[in-house]
Structure formats: structure tokens, C-alpha cells
């Protein structure tokens, strides 16, 4: 999630009112914000579809969690959708049209991903500290995990699966207070055991395995920092270091995707753009929306077609919620499809 202003996600549950920080905090950035430094080439994304308008109840719209199913259909979540409106939207990428896929009166979903273990769609509910799942075709909503981890409730933002179907979750605790209380949490695929892998983080947001499943890339929203967490054979933390410091200016680090070449696609909140880095931290490119497209303030996440390079980026702001497309630098894999 990213930045806008959290009027209290928990309040969405009770009153249907929500204002997010993309899931960060401060006010949204202006359209002319530029990063302090930009390297690499510029890739201009094309508009595919407008899916949402700002909701009267919540005052905004925020698209997240792009996810392609086996038939090439795209799913996105609308974090701020009120009860009764589509919280998950299916997009026909050939026609550029969206249709409702799932709604309920409770969730504030910030990411989506298919499990390699049971094939269900897993969603993080930031407001209620829950991870829920849906049948592949929608419906059959189940609560997979809820409750405290090591004595503290979660604010789950993004998630990643390992090959066996165990979940790795960015817990954005402390975001609204501006305190470094965030964590990375591992939950086994049965939802029975939760382990804290890293703590005292500054609003962790994006999380993705590298292309070889050796470790996790994760971003900290309020530090504009991407770190690497190497894992041992049991899927627990072996080491951790800061890998990339993102020169985002007034923009902040959002979700992360990784392609088959190991390149990182770092979403930005506060600017409708993504920064692309190689595994060594070199800035390769910046993906931008056309300057004439006004009223857009974030590019939260991207899904890259498995085995192909067509990419679908979620972009939002006062003008509404959109999907843009571009050609990625590498082919899509599980790490660049959802989460």
C-alpha cells in the first residue's frame, strides 16, 4: 500500500470510510514531482482501461495487486472500495473492460496472488489484519489467517509465496504513527504457524522473491529503501542488508515485482511511475505515464505476462483508477504476477 492519508483503515470496516496512503500516510503528491536523480531510459506506458472513479464514501480510489490468471485475464483490487462495490475487478485485457469479480462488506484489500499450493487467490486485508482466500473463479471467501503475531496485530500489505506455498507478508505496523514497528512475517501454508523474520522496519510495503527464490526483496515506504533478506533452507532469515536507496523525491517506494532476468520493478506512490533496477542496484529505466494524462498520483504495482513481456501497471489518482501497459525488460514469472 502507499500513501494518501489514512483516515483509519480500521474505520472502513465499521463505517465504510477509508483514506489510505497508498498505504502510506502524507497528502498525495503533485503531478509535476520529479525524482532527485534518474538513470537509465524512459519507457512510456500506454493507457489500457479506466476501471474506477473516486468513491463518494471514501473520497478516493486506489488500484493494487495486478494478477494474471492462466487464461490471461487480469485481476486488480480496489483498496478503498466501499461495501457493495467491486473490491476485486476482472479485466479483459484485449477489450480494455473491467467487470466485478468479488465484493463484500468488510475487506480493504491491498494485494492479490495465486497460491502454488492450492490454486486459490489470496488477498491481504490491511484494515482487519487478515489474509483471506477466494476460489479461482471468485466466491467461497475464507479467512486463512487472523490474529496477533508475537503479541501484536498485523497490518498485512503485500505478500509473496515460496515454491511450496508458504506465505511471506509485509506487515506495515506503525505506518499511521510514523514509527518503525513494521515486520516481515512468514506464515506456513496451512495458516498454523507465523514467524517474524525481520522487525523494526519503516512501513514495509513491497515484497518479492528474487528470480531464484534465494531471498526476498522488500521496500520500506517511509525510508525509500529496498533491502534484501537472504533465506536459509528452512525459509527463515539468514542475513539482511540495504540494497537500493531510491531517489524518489516526494514519491515513496510501493510494491515490488521481479522478472526472469532478476530485474526489480519498484512502484512509486506520489508519482505515476515505476523505477526499474537490476539485481545489483543499477537503475535501468523509469516507466512513466504520458505527461498529458493528468490527475494520477501513484503507480503501485505491475504484473508481467508469464513467459512474455507485456506488463500491466496499476495507476491511480483523483482522475480515477487505471491500468497501463508497457513492454517489460524481461519475461514474466511468478514473482512478477501479483502480490
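Numbering (mature numbering (1 follows the signal peptide of the UniProt record, and there is no 0)), first residue to last: -28 to -1, 1 to 311. Just so you know, even glycine gets a beta-carbon here, dropped at the ideal spot from N, CA and C. Values in this document were obtained by computation on a predicted structure and should not be read as measured data.
Integer Cβ distance of residue i from residue j, believed to fall under 8 Å
i           : j           : result
residue 177 : residue 231 : Actually they are not in contact, since the Cβ atoms of residue 177 and residue 231 sit about 19 Å apart, beyond 8 Å.
residue 222 : residue 239 : Between residue 239 and residue 222 the Cβ distance is about 15 Å, and since that is not below 8 Å, they are no contact.
residue 161 : residue 138 : 5 Å
residue 101 : residue 128 : 7 Å
residue 41  : residue 55  : 25 Å between Cβ atoms; not a contact.
Identity of the residue in the options nearest residue i by Cα
i           : options               : result
residue 215 : 209, 202 and 309      : 202
residue 58  : 111, 90 and 89        : 111
residue 227 : 185, 93 and 144       : 144
residue 204 : 152, 268 and 186      : 186
residue 122 : 311, 171, 113 and 52  : 171
residue 305 : 282, 291 and 66       : 282
residue 324 : 42, 295, 16 and 163   : The structure shown does not extend to residue 324, since the chain is modelled only from -28 to 311, so the question has no answer here.
residue 224 : 246, 209, 51 and 233  : 246
residue 124 : 109, 167 and 293      : 167
residue 284 : 300, 292, 207 and 291 : 300
residue 248 : 219, 51, 287 and 118  : 219
residue 91  : 108, 165 and 70       : 108
residue 307 : 70, 16, 20 and 87     : 87
residue 45  : 56, 67 and 30         : 67
residue 65  : 49, 43 and 82         : 43
residue 126 : 244, 184 and 96       : 96
residue 335 : 286, 250, 244 and 263 : Given a span of -28 to 311 for the chain in the structure shown, any question on residue 335 remains unanswerable.
The beta strand (DSSP E) enclosing residue i, as first and last residue numbers
i           : result
residue 97  : 93 to 97
residue 315 : Because the chain in this structure spans residues -28 to 311, residue 315 falls outside the shown range and cannot be described.
residue 288 : 282 to 289
residue 135 : That residue, residue 135, is in no beta strand (DSSP E); it is neither H nor E in DSSP.
residue 30  : No beta strand (DSSP E) contains residue 30, which DSSP labels as neither H nor E.
residue 278 : No beta strand (DSSP E) contains residue 278, which DSSP labels as neither H nor E.
residue 177 : 176 to 181
residue 265 : Taken as a continuous stretch (DSSP letters only), residue 265 belongs to no beta strand (DSSP E), as it is neither H nor E.
residue 45  : Residue 45 -> no beta strand (DSSP E), and no H or E assigned at all.
residue 58  : No beta strand (DSSP E) holds residue 58; DSSP gives it neither H nor E.
residue 172 : 166 to 173
CB contact flag (residue i, residue j, <9 Å)
i           : j           : result
residue 235 : residue 302 : yes
residue 141 : residue 157 : yes
residue 47  : residue 99  : no
residue 104 : residue 79  : yes
residue 74  : residue 39  : no
residue 217 : residue 197 : yes
residue 174 : residue 149 : no
residue 210 : residue 311 : no
residue 136 : residue 169 : no
residue 69  : residue 296 : no
residue 93  : residue 51  : no
residue 22  : residue 293 : yes
residue 30  : residue 53  : yes
residue 117 : residue 179 : no
residue 184 : residue 233 : no
At a cut of 8 Å, does the segment 256 to 266 reach the segment 26 to 35 through at least three beta carbon pairs? no
Counting Cβ pairs, one atom from each stretch, are 3 or more of them under 8 Å apart for the segment 20 to 28 and the segment 267 to 281? no
Report yes or no: do three or more beta-carbon pairs, one from the segment 183 to 203 and one from the segment 132 to 144, lie closer than 8 Å? yes
Segment contact, 8 Å Cβ cut-off, at least three pairs: the segment 10 to 20 with the segment 244 to 256: yes
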